[in-house]
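Taking it in order: structure first as structure tokens, then the write-up.
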DNA sequence: CTGAAAGCGCTAACAA
DNA sequence: TTGTTAGCGCTTTCAG
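Residue numbers (this note's numbering), protein chains in the order written: chain A, 1 to 337; chain B, 1001 to 1337.
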């Protein structure tokens, strides 16, 4: 309870505080006998250095910040798991910032780097504005974007256009012509993947000579329930689609629920393909576009760690790591009836 | 890049640093005009106080630590989500410590409180030893256990005995007599729930006059794959069980996979009941024992926050919040063939 | 209401 | 090798 400081240890060991500090930091220039004395005193006093003091004095926090949107989103969780797995075996602590509201977004993106709260920053699925990117660069703290893009920042991304293309193309190859795209809000300026997958979707359509039918594109807040409602809406249409490409597996699940509830069989009456390949996707035999969620966290963290090693941090050419996507065919897709 | 400090702001505003500090901390004793001047200077200089300095000076870190075992475990994630949801709207930051190896367990449980890295600590699903509990109490930092128990510490727990009892009893009521229990390692000294659910299982058996057959209890590392293997093993037995009570939903899923692969139908040939009611459980129509995972995080965080308010922290009588369990009947259980 | 000055506990020159 | 000392940037008495 009563705090024991470096001074107490020094006194107890009969040395100066600098010596204790040296022992603490494994400096080689301490006589072995002295080191032992100090170590003993530390042990006896049950001493452990105060982090805050250390941080202030060193100008380093020994922690890495991770900013995530909607921590409840399974794909975000999976990415975070990848991050944790590598940070865990580094000397850094992990500080988690969850952004649920847009207002908080601004606060974090602005303050975290300025307050020197962390030595490095990982940002998941949040696209910074030019101004924000500017701030990061100016702050001098290394940042890596995961599943987000900015031309001037390091990033780990997925080729979402290609992914959307693959999904749609597969549906077309099965013989579908009426293919819907169910997604998050397309207009969200910070969600690039929604638009990229949409682009891939349209590209595949066009290539096959199919015209894009705007009424087949539904958007709403992300989540199973909103998707379920969109599914219902789709099925109520006079000329309903025979296949749905969902922006995420979570949304695909909602669509399937809607179909099932309407007495339709999947894939018999409706084919559904998702995106992400989250854990449940496998259980549910969901056909989907696999992307390396966990891997993206791993790669992003590694990249950040190396950036943090190089004092001349910000490279003129940001590094981009592009992860592949892969079509995983399971049991929710089939030729149209 | 060049750090602007409180001194710069003071100079710019033509006041002393104490005044700037007062403005920063919303002290009422600052003339309005002065405050404005300072605020202006802050704005112009794009100043933001250094956290480390603040922490050292105040002796508070304004952060809460969360220690979790196996961050990949879905039930742990769900609890963490509950925690995040309340910490998020508090002034505290969240520092995440993931323990994958037992060795790291000791390091964290010992060091985190000693180093004054956090103002409060949440520990998920890790039962502290008496000695560790002692350390926590001595450190003076408020701690709340979630899904773990120690008589001297605050905690949010679930009645696992009752849960195990409910699950087993339900199976018995359906007419099953040969009921297996598939679980994590029973001997893990830090995993109390495994033993508690086991106890409930045996109690239900006994109450129904069924004898406990040791060969029907299989244990292994937690996870889908190990459970899958245990499922296979169970089904190879000369007199296989007709129902399985799995320690967790994750394990239940593994069991179902094993059964399905063996050409057995669930619940036709084998009934399976899980525990937790994780998200996938619903998709899979898994009969399970629901426990309020998210809620446990919420309640635990709230409790911690109130503990942190009261300076006379450690109450002589630790507070215990007991969350209920509930049997959720879905489609993986039925009377024996 | 405001400023000067004394720490918070540690690291890192600089001397010795 | 070691000890002394000057900060790190902020909060908080204590005077005024």
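Ideal Cβ positions, reconstructed from N, Cα and C, are used throughout, including at glycine.
| query | result |
| --- | --- |
| DSSP state of residue 255 of chain A mapped onto helix, strand, coil | helix |
| Own chain residues within Cβ distance below 6 Å of residue 1267 of chain B, not counting five before or after | 1332, 1333 and 1334 |
| Residue 1204 of chain B classed as buried or exposed, judged by whether at least 16 other C-beta atoms fall within 10 angstroms | buried |
| Which listed residue (B:1137, B:1065, B:1124 and B:1099) has its alpha carbon closest to that of residue 95 of chain A | B:1065 |
| Exposed unless 16 or more other CB atoms sit within 10 angstroms - verdict on residue 1281 of chain B | buried |
| Integer-rounded CB distance, given that residue 183 of chain A should sit under 8 Å from residue 148 of chain A | The Cβ separation is near 17 Å, so there is no contact. |
| Of the listed residues A:207, A:195, A:223 and A:208, nearest to residue 217 of chain A (C-alpha basis) | A:195 |
| 8 Å contact criterion, which residue 290 of chain A and residue 328 of chain A should meet: CB distance rounded | 5 Å |
| CA nearest to the CA of residue 162 of chain A, picked from A:197, A:93 and A:139 | A:197 |
| Residues near residue 74 of chain A in its chain [Cβ-Cβ closer than 6 Å; skip 5 each side] | 278 |
| Rounded straight-line distance, which links the Cα of residue 1139 of chain B to that of residue 1114 of chain B | 6 Å |
| C-beta atoms of residue 87 of chain A and residue 301 of chain A nearer than 8 Å | yes |
| heavy atom of the ligand GTP below 7 Å from residue 23 of chain A C-beta | Looking for the ligand GTP in the displayed structure turns up nothing, as the structure carries no ligands at all. |
| Own chain partners of residue 1264 of chain B with C-beta closer than 6 Å, once the 5 adjacent residues on each side are dropped | 1270 |
| Where the beta strand (DSSP E) containing residue 181 of chain A begins and where it ends | 179-183 |
| Within chain B, the residues that residue 98 of chain A reaches when beta carbons sit closer than 7 Å | 1084 and 1088 |
| For residue 319 of chain A, three-class secondary structure by DSSP | coil |
| Where residue 61 of chain A meets chain B, residues with beta-carbon distance less than 7 Å | 1052 |
| Nearest residue (CA-CA) to residue 1325 of chain B, options B:1157, B:1018, B:1120 and B:1002 | B:1157 |
| Partners in chain B for residue 72 of chain A, counting only beta-carbon separations shorter than 7 Å | 1081 |
| Closer than 8 Å to chain B by CB, residue 283 of chain A | yes |
| Residue environment, residue 1080 of chain B, which counts as buried when at least 16 other CB atoms sit within 10 Å | buried |
| Start and end residues, alpha helix (DSSP H) containing residue 209 of chain A | Here residue 209 of chain A belongs to no alpha helix (DSSP H), and DSSP marks it neither H nor E. |
| Contiguous beta strand (DSSP E) assignments of at least 3 residues, all confined to the stretch 148-232 of chain A | 154-158, 179-183 and 217-219 |
| Pairwise C-alpha distance: residue 1084 of chain B and residue 111 of chain A | 19 Å |
| Residue 1026 of chain B at chain A interface by Cβ criterion, 8 Å | no |
| Separation of residue 1294 of chain B from residue 18 of chain A, as counted between CA atoms | 47 Å |
| For residue 278 of chain A: DSSP bridge partner residues | DSSP, once it has assigned bridges, lists no residue as partnering residue 278 of chain A. |
| With 16 other Cβ atoms within 10 Å as the buried cut-off, status of residue 15 of chain A | buried |
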